[in-house]
Amino acid sequence: MSARSRVRHGRPTGRGRQRATSTTEEPKAMLLDQIASANRCRTVWSKEFGFSTIVGFESDLDATEMLYTSLLVQATHVMADAGSRQDYAGRSRTRTFRKSFLFAFAHRIGERLHEAADVETDAASKRATGQELVLALDARAEAVDTAVDELFPRVVSRAVSGDLDAEGWDVGRSAADVAHIGRAATALSGQ
1 MSARSRVRHG RPTGRGRQRA TSTTEEPKAM LLDQIASANR CRTVWSKEFG FSTIVGFESD
61 LDATEMLYTS LLVQATHVMA DAGSRQDYAG RSRTRTFRKS FLFAFAHRIG ERLHEAADVE
121 TDAASKRATG QELVLALDAR AEAVDTAVDE LFPRVVSRAV SGDLDAEGWD VGRSAADVAH
181 IGRAATALSG Q
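And the structure:
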């Protein structure tokens, strides 16, 4: 059975994620997107409804949701430990700090996960059976893209907006550097 025909035994599906607070929904959607794309899924964030839909194959969706939950807990602990922040005039900048923290955390986690996935894919492609696996993963990615296009025919990409806090960005990036991403990020077998 070829890699392309094997992908037809399963079909990508979509799952919704819970709504986040308005302050953190955009960076949390970005974190989910970074994790999903490293796990061969795609996300569509519905800003007006405040939730994201993840589209992918069941095993990839499971890995994405498990890693998202773990990383969100890790990020939340670091943010809570960081406490509140004020500017030079004593005004609160905690909201901007946390938003910046989460954006930086999401961005760096995405870098780490994609680096790990690239290493695993390169290693698999060098093995005799790995070529078949890489073809199967490519077919799965194509099926996920098709499913997203069918479910969301008018989806558009947009840039991240808003003020950023330099300290929040630095702390978020540092937290992502030491966050535990586990084996879920690089598991290519069993797909």
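1 is the number of the first residue of the sequence shown in UniProt numbering; add one for each residue after it. Glycine included, each C-beta is placed from N, C-alpha and C at the ideal position. Computed from a predicted model, the values in this text were never measured in an experiment.
Only residues of its own chain outside the window of five on either side were considered, and among them Gly14, Val55 have a CB closer than 7 angstroms to the CB of Leu151, listed in chain order. Secondary structure of Gly50 (DSSP, three-state): coil.
Ala117 and Ala38 have their alpha carbons spaced roughly 7 angstroms apart. For Arg98, the enclosing alpha helix (DSSP H) starts and ends at 94-126. Nearest to Leu71 by alpha-carbon distance, out of Val44, Ile109, Leu61, is Ile109. Judged by beta-carbon spacing, Phe101 lies beyond the 8 angstroms limit of Gly162, meaning their Cβ atoms are not closer than that value.
In the three-state reduction of the DSSP assignment, Val155 falls in the coil class. Around the beta-carbon of Lys47, fewer than 16 other beta-carbon atoms lie within 10 Å, marking it exposed. In terms of Cβ geometry, Ala29 and Ser52 form a close pair [threshold 8 angstroms]. The alpha-carbon of Gln86 is positioned some 4 angstroms away from that of Ser92. The Cβ-Cβ distance between Ala175 and Val78 falls below 8 angstroms.
Taking the CA atoms as reference points, Asp33 sits about 35 angstroms from Tyr88. By the CB criterion at 8 angstroms, Val155 and Val144 fall outside the cutoff. By the beta-carbon neighbour count (other beta carbons within 10 angstroms, threshold 16), Lys126 is exposed. In this structure Pro12 is not in contact with Ala106, their Cβ atoms being roughly 23 angstroms apart against a cut-off of 8 angstroms. Boundaries of the alpha helix (DSSP H) harbouring His77: 58-82, taken from the DSSP string. By the neighbour-count criterion, in which a residue is buried when 16 or more other Cβ atoms sit within 10 angstroms of its Cβ, Glu142 is exposed. A direct Cα-Cα distance of roughly 19 angstroms separates Val171 from Tyr68.
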